[in-house]
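Asks: Pasting a structure here, questions to come.
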Amino acid sequence: MKFSAGEFICLEGDLSSSLYIVKSGTLYGTNTKGNPAKPKIFEAGSVIGVSSLLENAPWEYTLRAQEDCEIEVVNRENLDKTLESSPTWLNSIISFLIKRNHVSEENKRKSDLVQALPSLLYVFSGLLKERTDNAVSITLLAERLALMNGTQEEEVRRLLRKLQDLKVLKIQGDTAQVQSRELIPLLYETLRFRALEHKVSPNILSMTDQMMLSVFIKLSQRSKDPLRNGLSAISTADLKAETKNSMHGVTLTTRTMAALVENKILEPSTTLDFHAPIDQVEFFFGDFDRIMDLLELNRIFPLLDKKLVE
Amino acid sequence: MTTGDSRKTIIPPVRITVKAGFVVFSHNDPERKIVILEKGGLRAVDSSVTPKKELFRMRPGDLVGVAALLEGESFRYDLEATEISDITIVSEDCMESELKNMPLWLLACVRELSGQNRQRRENMRKPRMENSLKSLAEFSRFLKKEKPYPVESLIQEYCWQTRVPVAAAKEDLKALCRRKFLELQKQDDTLCVVAHDPELLKLFVDYLDTQDQGKPWEPLRLSLNQKKALVTLSTIKASEVKDAPSWLAMFQKKGIDLTVADWIYMLGQGFFTEKDESHFSPVPEKVQYFLLALRYEINLRGVL
Chain U
584 MKFSAGEFIC
594 LEGDLSSSLY
604 IVKSGTLYGT
614 NTKGNPAKPK
624 IFEAGSVIGV
634 SSLLENAPWE
644 YTLRAQEDCE
654 IEVVNRENLD
664 KTLESSPTWL
674 NSIISFLIKR
684 NHVSEENKRK
694 SDLVQALPSL
704 LYVFSGLLKE
714 RTDNAVSITL
724 LAERLALMNG
734 TQEEEVRRLL
744 RKLQDLKVLK
754 IQGDTAQVQS
764 RELIPLLYET
774 LRFRALEHKV
784 SPNILSMTDQ
794 MMLSVFIKLS
804 QRSKDPLRNG
814 LSAISTADLK
824 AETKNSMHGV
834 TLTTRTMAAL
844 VENKILEPST
854 TLDFHAPIDQ
864 VEFFFGDFDR
874 IMDLLELNRI
884 FPLLDKKLVE
Chain C
635 MTTGDSRKTI
645 IPPVRITVKA
655 GFVVFSHNDP
665 ERKIVILEKG
675 GLRAVDSSVT
685 PKKELFRMRP
695 GDLVGVAALL
705 EGESFRYDLE
715 ATEISDITIV
725 SEDCMESELK
735 NMPLWLLACV
745 RELSGQNRQR
755 RENMRKPRME
765 NSLKSLAEFS
775 RFLKKEKPYP
785 VESLIQEYCW
795 QTRVPVAAAK
805 EDLKALCRRK
815 FLELQKQDDT
825 LCVVAHDPEL
835 LKLFVDYLDT
845 QDQGKPWEPL
855 RLSLNQKKAL
865 VTLSTIKASE
875 VKDAPSWLAM
885 FQKKGIDLTV
895 ADWIYMLGQG
905 FFTEKDESHF
915 SPVPEKVQYF
925 LLALRYEINL
935 RGVL
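Spelled out as structure tokens, the structure:
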């Protein structure tokens, strides 16, 4: 078939089940995913539409003749006839290659999504800092991520939906809203620490520490004393009583509080002597919002990897 | 029958029956081949460990060795029969003879399918964006103003996010420093990087992005009169509201002759927002953005 310069040969998304071989001339292909300023060039000898012919997949590109050109078209009928006269093992190899491509495509899709998450959290945190409210435009987030990491908008939306399922944020129209401004930066930092330091982040707490913090939060919420500079203070006596209640008879000791104090999540009213009884300390205090964020992080983090590849 | 035309000579695949335990191929076998299991069972094992570690099992219809034969990859395992099995072995010669008889377009399809898979695997290790300088500028625009970041760990963090090779990222960092968007500083014995005005990096990203799209960047296209109007606008409060003729008159009073085309262009660029019908007030953020671009034009263009 001959085409004149400027003529359209096929459109992205067409279902034509055919293969084009460029015999002479040059074609250029554009698609909605690519950069319109940098079309893909197909010169003489190029083969276009393998998936369209073998799998009846929609056309990946809109093709246009850049100059007068000649194209050989192979359709489904040609393929069937050729395969009929070929040995069966050749069909097996072609089927294997197609199947393997699907697997590698799926693996690439998952890998891209996993890889895009830290950047999404990083850019989200950055955009959040530029705003006074707790909402980020999804379109803007996708634009900035495309610039930084080549992430596509569809992937951004998929990741945001996964984060919404984990109750990290809420999607409302074109905005992603967070309840806490610190949770997403905290999540990013925890991922960064795991990846670059090859260690568990200090933000990831033991079950005992998480339970102790839950007790602390429960008592803070029950307390009638207002927060001072966001800090909540709970007496050791109340902590002891509630620990016994909530943690099935566990006795609060200095040792129970040691890690939380060392990591500066909770602070004692007086210097904690790790060998002395817990009653030496009158009360413990901590940043209410930070503790809430840490508890949320510890709820989300173990679920994150599985959720990403679901 | 040999015809003398190599295109017509077909070397058939070998069909054999093997007993349980027979090693169909070994990972150090120099001969490349595709093994198709017709009947029975095969398993792939890693013989480099003791005891042998089973990697996977094959069922009738399964095949292995495509990557080895078509893409020259080496076998990473041994393949042995778990029971009496019928197998078809497609050797390199057999494949070559069949490919020679295949129409060229089908050969191209097989190559394309094989190439797509290799390409995808390679892409999984490569950065997804084309312009790594733009990417690093976007990353750096979220750095805290005036905070020193150790270069090594910052680069490591950026490369982890983007898969950009460390050497390329360091080159890009130097390019941003040359343009004075970032500054390298020694803090004790650690080389750190500081962003004095992260807003400039955002501007640079926008500039590079329009360039990548083959479009001109509007802040650097302003005429002299439009630039003068912009400077004047930066001194006017956002609460000032006038209709278009009054704005034009105000500019004229200040010696700036703006045409209606200039006015429409400035409206299009978002220098003004429409308050009510035909009344407009300036948008300070937009005006500042353009002014900053003009002030740092040389840095943006990289012709310091």
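First to last, the sequence lines map onto chains U and C.
Just so we're aligned, residue 584 is where the first sequence starts under the working numbering, counting upward by one.
Just so we're aligned, residue 635 is where the second sequence starts under the working numbering, counting upward by one.
No residue lacks a Cβ here, since even glycine has one placed at the ideal position from N, Cα and C.
1. List the residues of chain C that phenylalanine 679 of chain U touches, going by C-beta distances under 8 Å, in chain order.
2. Using only the alpha-carbon positions, how far apart do isoleucine 670 of chain C and alanine 778 of chain U sit?
3. Give me the chain U residues within the contact set of lysine 971 of chain C, using Cβ-Cβ distance strictly less than 9 Å, ordered along the chain.
4. Quick check on the burial criterion: 16 or more other C-beta atoms within 10 angstroms. Buried or exposed for glutamine 886 of chain C?
5. Just list the residues that DSSP pairs histidine 913 of chain C with in beta bridges.
6. Would you call the segment 846-857 of chain C and the segment 920-937 of chain C in contact, with 3 or more CB pairs under 8 Å?
7. Tell me, to the nearest whole angstrom, how far the beta carbon of glutamine 821 of chain C is from that of serine 868 of chain C; I am working on the premise that it is less than 8 Å.
8. Could you give the residue range of the beta strand (DSSP E) that holds serine 596 of chain C?
9. I need the DSSP call for proline 737 of chain C, collapsed to helix, strand or coil.
10. Does the CB of serine 694 of chain U have a neighbour CB from chain C at under 9 Å?
11. Touch check for the segment 739-747 of chain C and the segment 769-780 of chain C: three-plus C-beta pairs under 8 Å?
12. Compare the C-beta of asparagine 859 of chain C with all C-beta atoms of chain U and state if any pair is closer than 9 Å.
13. Going by DSSP, name the residue or residues bridged to isoleucine 787 of chain U.
14. Check the Cβ of serine 748 of chain C against every Cβ in chain U and list those closer than 7 Å, keeping chain order.
15. So, under 8 Å CB-CB, asparagine 732 of chain U and serine 702 of chain U are touching, yes? Tell me the CB distance rounded to an integer number of Å.
16. Tell whether a beta-carbon distance below 9 Å holds between glutamine 760 of chain U and isoleucine 767 of chain U.
17. Starting from serine 769 of chain C, trace the beta strand (DSSP E) both ways and give me its first and last residue.
18. Would glycine 589 of chain U pass as a contact of alanine 627 of chain U if the rule is Cβ separation under 9 Å?
19. Taking all protein chains shown into account, decide if threonine 839 of chain U is buried (16 or more other Cβ within 10 angstroms of its Cβ) or exposed.
20. From what residue to what residue does the beta strand (DSSP E) around tyrosine 841 of chain C run?
21. In chain C, which residues lie less than 8 Å from asparagine 786 of chain U when you measure between Cβ atoms?
22. Name the chain C residues that come within less than 8 Å of serine 702 of chain U, Cβ to Cβ?
23. Quick check: the Cα distance between proline 641 of chain U and leucine 598 of chain U, rounded to an integer number of angstroms?
24. Just grab the DSSP bridge partners of glutamate 865 of chain U for me.
25. Quickly, what does DSSP pair lysine 673 of chain C with across the bridge? List them, please.
26. Hey, could you find the ends of the alpha helix (DSSP H) glutamine 819 of chain C is sitting in?
27. Could you tell me which uninterrupted beta strand (DSSP E) segments, each at least 3 residues in length, are contained entirely in the segment 782-822 of chain C, listed from first to last along the chain?
Replies: In short, the structure shows the following:
1. Leu697 and Val700
2. 41 Å
3. This structure cannot speak to residue 971 of chain C, because chain C is shown only from 635 to 938.
4. exposed
5. C/Asp877 and C/Asp910
6. yes
7. Their Cβ separation, rounded to whole angstroms, is 36 Å, which puts glutamine 821 of chain C and serine 868 of chain C out of contact at 8 Å.
8. Shown here, chain C extends from 635 to 938; a query on residue 596 of chain C therefore has no answer.
9. coil
10. yes
11. no
12. no
13. Per DSSP, none; premise fails for isoleucine 787 of chain U.
14. Leu680
15. 4 Å
16. no
17. Here serine 769 of chain C belongs to no beta strand (DSSP E); instead the alpha helix (DSSP H) covers 766-774.
18. no
19. buried
20. Looking at the DSSP string, tyrosine 841 of chain C is not in any beta strand (DSSP E); the run it does join, the alpha helix (DSSP H), is 832-846.
21. Neighbours of asparagine 786 of chain U on chain C: none; closest Cβ ~17 Å, over 8 Å.
22. Gln795 and Thr796
23. 5 Å
24. According to DSSP, glutamate 865 of chain U bridges with nothing at all.
25. C/Asp720
26. Element bounds for glutamine 819 of chain C: not the alpha helix (DSSP H) but the beta strand (DSSP E), 817-821.
27. 817-821
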